[in-house]
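2 protein chains.
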Amino acid sequence: MTRRATAQDVADLAGVSRSAVSLVLNGRADGNISRAKQEAVREAAEQLRYTPNAVALSLRSKRTGTIGVLTWPDRRHMPLALLGAVYTAASRAGYLLMMVDAVQRPTQVDALVDRRVDGFVVVAPELTAYPAPEAVTAVPTVLVNCFDDALAASSLVPDEVGAGLSAAHLLLDAGHRVLGVLAGREGLASERRVQGVTRATADAGLAPPVVVEAGHSVEDGYDGARRLLSSDLPPTALVCTHERLALGALLAAADLGLRVPDDLSLVSLDDGEDLASQLVPAVTRVERPDEVIATHALDLLVEQLRLGHPDVRRLTFVCPVHAGESVGPPRLRAMPTG
Amino acid sequence: MTRRATAQDVADLAGVSRSAVSLVLNGRADGNISRAKQEAVREAAEQLRYTPNAVALSLRSKRTGTIGVLTWPDRRHMPLALLGAVYTAASRAGYLLMMVDAVQRPTQVDALVDRRVDGFVVVAPELTAYPAPEAVTAVPTVLVNCFDDALAASSLVPDEVGAGLSAAHLLLDAGHRVLGVLAGREGLASERRVQGVTRATADAGLAPPVVVEAGHSVEDGYDGARRLLSSDLPPTALVCTHERLALGALLAAADLGLRVPDDLSLVSLDDGEDLASQLVPAVTRVERPDEVIATHALDLLVEQLRLGHPDVRRLTFVCPVHAGESVGPPRLRAMPTG
DNA sequence: CTGAAAGCGCTTACAG
DNA sequence: CTGAAAGCGCTTACAG
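Order-wise, the sequence lines are chains A and B. Counting along the first sequence from 1, when you hit position 246 you're at 246 in UniProt numbering, and nothing is skipped either side. Counting along the second sequence from 1, when you hit position 277 you're at 277 in UniProt numbering, and nothing is skipped either side.
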């Protein structure tokens, strides 16, 4: 906890001026400073374990090498995979991250602007419209998993409708004709995913799927699945818009004596929980490509910071399919008494 | 993206000196600056939307109002509940957080020291010995869920042995005499939790529990549970050291036609996944009190920052029990043919 | 080849 | 009651 050495300390020890220290340590000494003094400066710096004070550097350069992250920092929402990828891409580019709550009022965004972050990235846990606080306009900003049409900022989102389409096609291609959907009770992601499923069945000339607006918890999935599977014409396959719903469906199936995929097929859409593919049997899923999106977003931001001029883009990312062991052909069966 | 106003701008607009602006805006004007000029300064500041540059402030005050967080930022480890609580406590105290990877080499801790963070908090996802990088000694540091005996820093950890004891007692009190344990394959937390269970059975005069070192995934729990339940003298109750193991056990039980808790009782220890208590049936669990620990840790750090002198403490936190619906009396039963 | 000065934006003694 | 100066720690023109 002792005082850190400054450039002045190094200069004193080496017997040169402060400017000489700066030049040597920043590699602009040749042709300006004699060999001998250069060596003296380097030795002194080493001995004092000198590294420049980044705060002073920032004041002078008007750059802090810091990016503000606006996110949903509570345990139920924090978007792990997205944040991890943002972190990795940021540190690769030499940036540090300061994370604050995106929705808290009064916002801490002003505090970040005062601290002169070089840019902002908003990282939403799930696709959502995000009316950004005005303060973000102070520096280049990129929106991940969200958008604000009123803001001149790039926005990167997954193709949720396409994800729903892919999920439904997996089941239709396997021969299923009666699909059920376990959906969240609210949220744009859930809504669009259901749209995709509905469109796929319509395209195939089938009746629309039965949609249960269950919620987001395992228990919601359990209850919803029991409801669907106890109906008059029970679906032979379920699409779940969230991973915890898929888990609930799996548990409900087990309780009803239904085997997956023999008696019931299951597809889950990805919400960043890293859960569906871990289950037994592994649930076939349509991935939300968090890592790709986040990495791309940060690269875009860093590029803007480097160039100095904004470059607004709205990008949509395809959601790839990952086969598990939860999809099979439909089997006609007697109604379970639930 | 226009230039931010400075104190000089405010002074010019108000027709006073820079120092006057500072005094007025920091509430030290009375008796120094005339009412009229005070008002002028306030108006000018408002009009220019002036807020002080925090970088300049930091350079002068040698305080940044920033805390460095060392953690495990990949998706499989990031300790959500702990980080959430750290964030909340920090912002309540007026601090911002800069998060970096605790184990990456070369470490980014030096970058944080250069940026003059006021302190460090290390947040581990699971109890572990953590040989801290030397650079953290530059400022007050607190360790959460980890410890470094060689470091003069406070350390806050859960009582893992006690958690194991509590888990076992829940089952012993319900009448179980043959316990099985699904444990992680490595890790101090798993180790100590198993110790607790073993001690509890010994205290009760029983044979030691059968311990399966399964791993950490759902599939590991599934496989381990099937193994345990297919043995000659199958346990009537399982303790799982991790939540995903408990989920695996639940799925295995369903596959084997065993009802929880009628045919098999289940207790899970908490690893911050927020999963066990969400299942159907809700699994009885012994909580790792993440929020309490993290809040306490940050309060301790902030107190040290305020006082300016270190105050090293080693604190252990009790893990409370949360009853679910997965524990019942033992039932004698025929061996399932798994 | 080298040192003194200016300036990034702030606040706090210090003269008047 | 008010303004000019010093200084936090750096780098970059600018004189010599």
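Every residue gets a Cβ at the ideal spot worked out from N, C-alpha and C, and that includes glycine.
For residue i, the first and last residue of its enclosing alpha helix (DSSP H)
| i | result |
| --- | --- |
| L59(A) | A54 to S61 |
| T241(A) | Where T241(A) is concerned, there is no enclosing alpha helix (DSSP H), given that its DSSP letter is neither H nor E. |
| M295(B) | The displayed chain sequence assigns Thr, not Met, to residue 295(B). Per DSSP, T295(B) belongs to the alpha helix (DSSP H) from D290 to L307. |
| S22(B) | R18 to L25 |
| R28(B) | Neither: R28(B) is in no alpha helix (DSSP H) and is coded neither H nor E. |
| L229(B) | V218 to L229 |
| V327(A) | Run containing V327(A): none; DSSP gives neither H nor E here. |
| V41(B) | R35 to L48 |
| A5(B) | Premise fails: A5(B) is in no alpha helix (DSSP H) and is neither H nor E. |
Residue i, buried or exposed, once every other Cβ within 10 Å from all chains shown has been counted against 16
| i | result |
| --- | --- |
| H309(A) | exposed |
| M1(B) | Reliability fails at M1(B), whose pLDDT of 47 lies under 50, so the model's placement of it is uncertain and no value is given. |
| V157(B) | buried |
| Q8(B) | exposed |
| Q278(A) | buried |
| V123(B) | buried |
| V318(A) | exposed |
| S268(B) | buried |
| Q108(A) | buried |
| R314(A) | exposed |
| A294(A) | buried |
| T337(B) | Because the pLDDT at T337(B) is just 48, under 50, the model does not fix this residue reliably, and the value given afterwards should be weighed accordingly. Exposed, because fewer than 16 other Cβ atoms sit within 10 Å of the Cβ of T337(B). |
| A207(B) | exposed |
| A150(B) | exposed |
| G164(A) | buried |
| N26(B) | exposed |
| A334(B) | Low local confidence applies: a pLDDT of 48 at A334(B) is under 50, so the model's placement there is unreliable, with the coordinate-based value given in what follows. With fewer than 16 Cβ atoms within 10 Å of its Cβ, A334(B) is classed as exposed. |
| S58(A) | buried |
| R92(B) | exposed |
| E43(A) | exposed |
| R105(A) | exposed |
| P329(A) | exposed |
| S155(A) | buried |
| R49(A) | exposed |
| G205(B) | exposed |
Beta-bridge partners of residue i, as assigned by DSSP
| i | result |
| --- | --- |
| T316(A) | V157(A) |
| L268(A) | At residue 268(A) the sequence reads Ser, which differs from the Leu that was named. Note: S268(A) sits in a beta bridge opposite C240(A) and R285(A). |
| V321(B) | V286(B) |
Limits of the beta strand (DSSP E) - the one that residue i falls within
| i | result |
| --- | --- |
| E213(A) | V210 to E213 |
Does the stretch 155-174 of chain A come into contact with the stretch 226-245 of chain A, if we say contact requires no fewer than three beta-carbon pairs (one atom in each stretch) closer than 8 Å? yes
Beta strand (DSSP E) runs wholly inside the stretch 57-105 of chain B, at least 3 long, in chain order: 66-71 and 96-101
Entirely enclosed beta strand (DSSP E) segments - the stretch 107-187 of chain B, minimum 3 residues: 119-129, 141-147, 154-158 and 179-183
When the Cβ atoms of the stretch 198-212 of chain B are set against those of the stretch 177-190 of chain B, are three or more pairs found closer than 8 Å? yes
At least 3 beta-carbon pairs within less than 8 Å: the stretch 305-323 of chain A vs the stretch 97-105 of chain A: no
Assess, as a yes-or-no matter, whether the stretch 29-46 of chain A is touched by the stretch 59-76 of chain A under the definition of 3 or more beta carbon pairs within less than 8 Å. no
Can you confirm whether the stretch 70-82 of chain A touches the stretch 286-302 of chain A when touching is taken to mean that 3 or more C-beta pairs between the two stretches lie within less than 8 Å? yes
Check whether the stretch 136-144 of chain A and the stretch 104-122 of chain A are in contact - that is, three or more C-beta pairs closer than 8 Å. yes
Validate contact between the stretch 223-232 of chain B and the stretch 198-206 of chain B using beta carbons, cut 8 Å, 3 pairs: no
Taking 8 Å as the threshold, find out whether the stretch 116-136 of chain A comes into contact with the stretch 248-255 of chain A through three or more Cβ pairs. no
Quick check: the stretch 298-305 of chain A against the stretch 263-281 of chain A, are at least 3 beta-carbon pairs closer than 8 Å? no
Contact between the stretch 188-195 of chain A and the stretch 218-228 of chain A (3+ Cβ pairs under 8 Å): no
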